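Residue numbers (my numbering): 4 to 182. From the three backbone atoms N, C-alpha and C, an ideal C-beta is built for every residue, glycine too. Predicted, not measured: the structure shown is a model, and the values here were computed from it. Worksheet: the structure to be examined is printed underneath.
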Amino acid sequence: EHEREPHPRGRELARVSGLRPQEVSISVDPLSDVQLAARYRLSDCTIAPGLGEGFGYPIAESLAAGTPVVHLTYGGGVDVLGNPNQIVEPVAWRIESGYALQRPVGSAERMAAAVLHAIRPSRILGGLERKALAAYCAGSVQYLSWEHLWPRWRAWIAQGIRDHRREEIDRNAGDRQHA
């Protein structure tokens, strides 16, 4: 992957945060799975504000890559995050669209505090702590892997098929008795 000029919003975020532009990555272009995984692995933290997404795939992907995530207490991502220190309460709610959708309004200060809390161990203690943090993050979503889910799903579907067949047999037997 070749380096591009930082996204204008990334430069702005770096400036107001006191970071170097190289320390902020904002992706708006489509990325391959390999590029996306590399971005997650190279990041100190993923900020996923969550304005109503369902499951929260970016959160699970970031954690699987070993990178902590900070998220507002809204949307499906809350269910994936296990660390309450990385879940930020909104400061207010806004109503939008003709369907009166309720959306959270985040606080930059609260999000920044949660990011600093999430990355502090790796910043202070160095590589060894970063490896432990990465292992913790990856382990927190390991139960979502296909290898873990498939046996449970297979058993669940098989049970459903057995139950359905049993109900059909019982229904047919009842029909024969009434005939």
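* **Minimum length 3: unbroken beta strand (DSSP E) runs contained in the segment 92-165** => Assignment of beta strand (DSSP E) within the segment 92-165, counting only whole runs of 3 or more residues, yields 95-99, 104-108 in chain order.
* To the nearest angstrom, how far is it from the Cα of R133 to the Cα of W159? -> Going by C-alpha positions, R133 is about 38 Å away from W159.
* How many Å lie between R168 and S100 at the Cα? -> Each residue's Cα considered, the two are about 46 Å apart.
* Asked: Can you list, in chain order, the residues of its chain whose CB lies under 6 Å from that of S46, leaving out five sequence neighbours each side?
  -> Only T70 meet the Cβ criterion.
* Asked: Touching or not, the segment 83-103 and the segment 116-123, by the rule of three or more beta carbon pairs under 8 Å?
  -> A contact exists between the segment 83-103 and the segment 116-123.
* Quick one: what does DSSP say I90 is sitting in, helix, strand or coil? -> I90 sits in a strand when the DSSP states are folded into three classes.
* Asked: Buried or exposed: which applies to H5, given that a residue is buried once 16 or more other Cβ atoms fall within 10 Å of its Cβ?
  -> Residue confidence is low: H5 scores 44 on pLDDT, short of 50, so the model does not pin down where it sits. No coordinate-derived value is stated.
* For A51, write down the residues that DSSP places opposite it in a beta bridge. => A51 pairs with H74.
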